[in-house]
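Worksheet: the structure to be examined is printed underneath.
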Amino acid sequence: PVQQDGKTDHKTSWDASTLVEKQTACPFSESGFHLVPRLPTQGDRYSRKRTPPTSEKSGEVIFKNGPWPIQTQHDIPQGWDEDTHPEGQLLYSKIVPSGDLKIRVHTDLALRLKQNHPIIHSALHRLLDLLDTCSNLHSSGLRSSEIEACIIVKESFLQEIGYYLANHRDQTIFWLEDVNPDALDMWGPEADIYQHKLTAQYWRHVIDFPHYCSLPPKVWDQLGPLLLLGTVDQEYCDDSTAPKDAKTLARLETFWRQTKKERMADCNRAACNWICARLWYDLVTPRAINYWGTNYARLEKTTVIGDDPEPSELPAPWFVRVLCFIFLWNEPSATMKLLDKAWP
112 PVQQDGKTDH
122 KTSWDASTLV
132 EKQTACPFSE
142 SGFHLVPRLP
152 TQGDRYSRKR
162 TPPTSEKSGE
172 VIFKNGPWPI
182 QTQHDIPQGW
192 DEDTHPEGQL
202 LYSKIVPSGD
212 LKIRVHTDLA
222 LRLKQNHPII
232 HSALHRLLDL
242 LDTCSNLHSS
252 GLRSSEIEAC
262 IIVKESFLQE
272 IGYYLANHRD
282 QTIFWLEDVN
292 PDALDMWGPE
302 ADIYQHKLTA
312 QYWRHVIDFP
322 HYCSLPPKVW
332 DQLGPLLLLG
342 TVDQEYCDDS
352 TAPKDAKTLA
362 RLETFWRQTK
372 KERMADCNRA
382 ACNWICARLW
392 YDLVTPRAIN
402 YWGTNYARLE
412 KTTVIGDDPE
422 PSELPAPWFV
432 RVLCFIFLWN
442 EPSATMKLLD
452 KAWP
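No gaps in the numbering here: position 158 of the sequence shown is 269 in my numbering, and each next residue is one more.
Structural data, given as structure tokens:
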């Protein structure tokens, strides 16, 4: 890296091949984009359009002689590792230095495509500048293994590129600047509810990038009893706020015990981390809705929080009520009452 006035200039710390890549035609302007705080759920991984090759013949693929018939080397940027998510997506990560920390940065941007190389290089150097100037991060006492960063690129909107960091010690996400929740389309009545939402977003990060994170032992130890607690609660109370039904929770607890035994093997880490994170995500997400850990905790699903009337009690025009009664056998009204009980 180049030093300017005692500060690392990440923008000029590229190798020669990168400088050539930067000149490649690409619908992206380095000076015309902003690196902004985003949530893990605000990416476009599951909504991207993909058009596979349509050629009917093998094209340029040749099976090599010998025990390794497929020998391919993809042109991804230097220093980036390529992994395959348990669901099949290609993921990329790179360890970058910042002060005494070495932080792994993730992205699911398609880095096999050369036109995306300038995008990730520009976003990475801006992220590094933020990392270097965030004193709260470097004085936090967090170890390198307890921090991960992520760059979120929406292929349909390159004017804004998102980022966030994950704190594995405390199971939360954070940013390198003060952020107004409104900018993240997030709402909550108090700080405790926001903390639940950030915890849920943390587990979404682990779901999306499960290969390298080191989950604390307490995370595994707490998960099984919580699943059993939900199972027992569902057995005793039909209106329990525990997610899913008792049989499903009991079955998931069995999966957890098997996963806990297999998680230490490196070949199983990604799959086991994904399973653990998926279970935690389902347990933590409803806590914000149920005001878990606050003075307003909802212990049963039929308990209404707030002063808003139930939808089935809202007045409807008389002609709508008549039409529903005559032609729909009053089915809409009965359905609304069922919805009131299921989701007050």
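C-beta: ideal position from N, C-alpha, C; glycine also. Only a predicted model underlies this, so the values are computations on that prediction, with no experimental measurement involved.
Residue i - DSSP class collapsed to helix/strand/coil
i	result
residue 268	strand
residue 275	strand
residue 439	coil
residue 318	helix
residue 338	helix
residue 300	coil
residue 224	coil
residue 146	strand
residue 257	helix
residue 288	coil
residue 262	strand
residue 206	strand
residue 411	strand
residue 351	strand
residue 365	helix
residue 405	coil
residue 152	helix
residue 171	coil
residue 240	helix
residue 160	coil
residue 178	coil
residue 305	helix
residue 134	Summary for residue 134: the model assigns pLDDT 38, below 50, so the residue's position carries little reliability; its value from the coordinates is reported in the next sentence. Residue state, collapsed to three classes: coil.
residue 251	coil
residue 323	coil
residue 396	helix
Spatial distance of residue i from residue j (CA atoms)
i	j	result
residue 172	residue 190	26 Å
residue 261	residue 351	36 Å
residue 159	residue 289	30 Å
residue 248	residue 184	37 Å
residue 284	residue 163	34 Å
residue 250	residue 214	15 Å
residue 321	residue 437	55 Å
residue 410	residue 395	15 Å
residue 236	residue 347	55 Å
residue 391	residue 330	9 Å
residue 380	residue 374	6 Å
residue 287	residue 441	54 Å
residue 275	residue 152	11 Å
residue 439	residue 377	58 Å
residue 234	residue 146	7 Å
residue 357	residue 416	24 Å
residue 273	residue 150	8 Å
residue 133	residue 144	Below a pLDDT of 50, predicted positions are generally treated as unreliable, and residue 133, at 39, falls in that range; the measurement from the model is reported next regardless. Their Cα atoms are separated by approximately 15 Å.
residue 208	residue 359	44 Å
residue 302	residue 244	26 Å
residue 265	residue 295	15 Å
residue 259	residue 291	22 Å
residue 226	residue 181	25 Å
residue 325	residue 206	15 Å
residue 270	residue 223	21 Å
residue 389	residue 217	19 Å
residue 365	residue 393	16 Å
residue 161	residue 252	42 Å
residue 443	residue 435	7 Å
residue 445	residue 431	14 Å
residue 368	residue 279	22 Å
residue 212	residue 148	21 Å
residue 219	residue 448	43 Å
residue 210	residue 178	45 Å
Spatially closest choice to residue i from the options, by CA coordinates
i	options	result
residue 231	246, 160, 263	263
residue 282	402, 257, 336	257
residue 385	313, 233, 286, 148	313
residue 202	210, 208, 193	193
residue 305	327, 154, 182, 405	405
residue 298	399, 387, 388, 211	399
residue 198	255, 319, 206, 315	319
residue 370	383, 339, 414	383
residue 363	402, 338, 156	338
residue 387	253, 335, 221	335
residue 187	449, 448, 315, 229	229
residue 397	154, 317, 310, 156	310
Residues bridged to residue i [DSSP beta-bridge criterion]
i	result
residue 201	195
residue 378	Per DSSP, none; premise fails for residue 378.
residue 213	208
residue 283	278
residue 218	203
Contact with chain C by residue i, beta-carbon distance below 8 Å
i	result
residue 366	Looking for chain C here will not work: only one protein chain is present.
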